[in-house]
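Q: Dropping a structure here in structure tokens format, bear with me for questions.
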Amino acid sequence: MPKKRLGEILLEEGLITEEQLKEALEEAKRTGEPLGQVLIDLGYITPKDLGRVLQKQFNVTYESLERLKFDPSVKDTIPEDIVRQYRVFPLRKEGNTLVVGVVPPFNSDILEKISLLTGLKVRPIIITESEYRALLDQVYDITQRAKDVIEKLAEEASDEDNVMEISVEKIDINDLLGQEASINVVVNTILVDAVSDRATDIHIEPTRYDYRVRYRIDGVLMDKIKLPKWIAEQLITRLKVMADMDIAERRRPQDGHFTARVSGREFDFRIATVGSIYGEMMVIRLLDKKNIFVDISRLGLLPEQEEIFHKLISVPYGMILVTGPTGSGKTTTLYAALSVLNNESKEIITVEDPVEYELEGINQINVNTKAGITFASVLRSILRLDPDIILVGEIRDEDTAKTAIEAALTGHLVLSTLHTNDAPSAIIRLQEMGVEKYLLSASLVGIVAQRLVRKLCSNCKVRNEDPTSPNVYVPKGCPVCNFTGYSGRTAVFEIMPVSEDIQNAILRGASLEEIKKIAKAEGMIDMWTAGLEKVKAGITTVEELQRVIKSPIEISRSD
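Laid out in structure tokens, this is it:
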């Protein structure tokens, strides 16, 4: 009798629905992630749910991470390259038996290999993908690995002229991890570790005596390691070489990028540097080329907001703005919209600074201010190319704003971004740029404001027993979430269609408060209210909302 598939068992157990399984299968196919991990990431099941089902599927015992007995003394019984290649993990010895964690699906041949390698009997137990990754982070700790590298580097000359300079556009970081300890090892270890930790940014910052390396994970900066200055300076130089930047210039701001594969996933690493009083600082932004493509249903919109959003992007012409600070997910929202609009009957052109992700079937143009290729100049040119839909990466000045509005008024659908605190503020911001009221009134279709909030870790969140608190669940902390209590993020939205009443308000020069009042009277759900819905659903907490969204009033759980 053939073994039942994971999805079948989850359906039989009543843990997911047919629709959820279909969505997860599509996402797994797109990203290459295991189905079980995708279901966890979507919030449909917990790691414990997955472990129990895998135990049933493979008839092998499952142990959850918090109950797992791990003996650090056995970590070297299996070489790290085998641990990573086959997704197995040595956990403990029981007499002459080595207990090994395995991530399904697994090949029994690897268990025989481990037995021959160690001279021990092997007993497998199931661990989930997220638990495996947490063990990797815990045992193969970057701090210790970097210390080992630093000790070896300390034996070598610290002459910067010895830094290997390469100019290839693409490198495979994993190919370099096995090399003898060098500055390459420091660079690659940090990049691989940052990807493993789901970091979006790496900050390399000088202090008076050393450098600190921090990762931004789920929107929050976390200390990772401290490096001696001479090591950090070589690290920065090496990264600048990879990004084709000027290694001799250490004070003026510079930008660069390089593409690399990490664990089979392709990333674009965007680098910015500037000189500070203690030395050169660098920030690296990690852009996962697969993860940008998100279905609108997964953005985090409330059901009524999703319906409005679809109506907005279905209009034939006009301007739709997405607003929020840097790193609030605006590009993801715009690309989700383009994925719906993109078909053979439409000519879509984007103007970006820079193009972050390549979109199949869409013409994309990079802005280059130094060469005179600005948002406004490109926009004026592409209007002669007969586009149906235009995406403008960002409206930064009056010239760009007016040209984009001209495009919206001449039969094109224009999508763009702006930096404002909420949706109604975008109108005031454009007026401050010098855009006439009648142009705004005639061109604007809708404005979307958004923020990203951290989601409670599905593995360890606990029901809140405090009746005075609005939180349904509270963070606890476990190895899966690095003991933060949060894992992953979701967006909180505010969508304001520009109705006839709002158009008239713009024409008569209404204040921001008046525009907000009209929008709310017409049913606009503000970001705070949308966020509270996610608190009530047990997705996040009020404390997390307060970290990123201005709280209008004090609330209680009874509200």
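For what it's worth, my numbering labels the leading residue of the sequence shown as 14, then goes sequentially. Yeah, the Cβ is synthetic: ideal placement off N, Cα and C, and Gly gets one too.
What are the boundary residues of the beta strand (DSSP E) that includes E107?
A: Unbroken beta strand (DSSP E) run through E107: 101 to 107.
Q: Is D89 buried or exposed, if buried means 16 or more other CB atoms sit within 10 Å of its CB?
A: Counting Cβ neighbours within 10 Å, D89 comes out exposed, since fewer than 16 surround it.
Q: Could you please give me the residues that DSSP links to S429 through a beta bridge?
A: Looking at the DSSP assignment, S429 forms a beta bridge with L334, V405.
Q: Among the candidates L55, E76, P47, N72, whose CA atom is the shortest distance from the CA of K61?
A: Among L55, E76, P47, N72, the Cα nearest to that of K61 belongs to E76.
Q: Can you tell me the Cα-Cα spacing of W243 and L465, whole angstroms?
A: Approximately 37 Å, taken between the alpha carbons.
Q: Between the segment 353 to 369 and the segment 228 to 247, do at least 3 Cβ pairs fall closer than 8 Å?
A: The segment 353 to 369 vs the segment 228 to 247: no contact.
Q: Which residue comes first and which comes last in the alpha helix (DSSP H) that contains A414?
A: Per DSSP, A414 belongs to the alpha helix (DSSP H) from 411 to 422.
Q: Just tell me which of V233, T220, D214, K237 has its CA closest to the CA of V226.
A: Nearest option by C-alpha distance: K237.
Q: Under a three-way DSSP split, which group does N201 fall into?
A: If DSSP states are grouped into helix, strand and coil, N201 belongs with the helices.
Q: According to DSSP, is T141 part of a helix, a strand, or is it coil?
A: Here T141 sits in coil by DSSP.
Q: Among residues of its own chain, excluding the 5 on either side of N484, which ones have a beta-carbon nearer than 7 Å to its beta-carbon?
A: N477, V548, T554, V555, listed in sequence order.
Q: One question on the structure: do V427 and V461 come within less than 9 Å of each other, judged by their Cβ atoms?
A: Their beta carbons are not under 9 Å apart, which means V427 does not touch V461 by this criterion.
Q: In chain order, which continuous runs of the alpha helix (DSSP H) of length 4 or greater are located wholly inside the segment 321 to 373?
A: Listed in chain order, they are 343 to 354.
Q: The alpha helix (DSSP H) spanning K549 covers which residue range?
A: Start and end: 540 to 549.
Q: Comparing alpha-carbon positions, which option in G522, C494, S394 lies nearest Y451?
A: With distances taken between Cα atoms, Y451 lies closest to G522.
Q: Would you decide whether S341 is buried or exposed? Buried here means 16 or more other CB atoms lie within 10 Å of its CB.
A: With 16 or more Cβ atoms within 10 Å of its Cβ, S341 is classed as buried.
Q: Compute the Euclidean distance between the alpha carbons of L52 and K106, then round it to the nearest angstrom.
A: Going by the C-alpha atoms only, they are around 32 Å apart.
Q: Whole angstroms are fine: how far does the CA of L396 sit from the CA of S327?
A: Taking the straight line from one Cα to the other gives about 20 Å.
Q: Leaving out five residues before and five after L422 in sequence, what residues of the same chain have Cβ atoms less than 7 Å from its Cβ?
A: Contacts found: A455, S456.
Q: Let me confirm a value: Q318 is counted as buried when at least 16 other C-beta atoms fall within 10 Å, else exposed. Which label applies?
A: By the neighbour-count rule (16 or more Cβ atoms within 10 Å), Q318 is buried.
Q: Below 8 Å, is the gap between the Cβ of T433 and the nearest heavy atom of the ligand GDP?
A: By its list of ligands, the structure shown contains no ligand whatsoever, and the ligand GDP lies outside what it can speak to.
Q: Near I552, which residues of its chain fall below 6 Å by C-beta distance, leaving aside the five closest residues on each side in sequence?
A: If we look at I552 and ignore the five residues flanking it on each side, its Cβ neighbours are K468.
Q: Buried or exposed for Q192, going by 16 or more other Cβ atoms inside 10 Å?
A: In this prediction, Q192 scores a pLDDT of 42, lower than 50, which makes its location untrustworthy; the coordinate-derived value is nonetheless stated afterwards. It is exposed - the Cβ of Q192 has fewer than 16 other Cβ atoms within 10 Å.
Q: Looking only at DSSP bridge pairs, what is L111 linked to?
A: K106, V135, per the DSSP bridge assignment.
Q: For R283, which three-state DSSP category applies?
A: Three-state DSSP puts R283 in a strand.
Q: Could you check the C-alpha separation between A41 and F71 for me, to the nearest Å?
A: So the two alpha carbons sit approximately 20 Å from each other.
Q: Please list, in chain order, all residues of the same chain as L28 whose beta carbon is under 6 Å from its beta carbon, the five residues on each side excluded.
A: Only I58, D62 meet the Cβ criterion.
Q: Quick one, which of K126, L525, F102, I127 has its alpha-carbon nearest V116's?
A: Comparing Cα-Cα distances from V116 to each of K126, L525, F102, I127, the minimum goes to F102.
Q: Taking Cβ positions, are H432 and E449 nearer each other than 9 Å?
A: No.
Q: So what does D223 bridge to, in DSSP terms?
A: According to DSSP, D223 bridges with P241.
Q: Please state the DSSP three-state secondary structure of L19.
A: Reduced to three states, the DSSP call for L19 is helix.
Q: Considering Cα atoms alone, identify which of H270, G536, I418, V335 is closest to E369.
A: For E369, the nearest C-alpha among the options comes from H270.
Q: Tell me where the beta strand (DSSP E) around D268 begins and ends.
A: From DSSP, the beta strand (DSSP E) with D268 extends over 267 to 275.
Q: Inspect the CB distances between the segment 247 to 266 and the segment 282 to 292 and report whether three or more fall short of 8 Å.
A: Yes, the segment 247 to 266 is in contact with the segment 282 to 292.
Q: Alpha carbon to alpha carbon, how far is R18 from E39? Give it in angstroms, no decimals.
A: So the two alpha carbons sit approximately 16 Å from each other.
Q: Given that a residue counts as buried once 16 or more other Cβ atoms are within 10 Å of its Cβ, and exposed if not, what is K474?
A: Classification of K474: buried, given that the 10 Å Cβ count is 16 or more.
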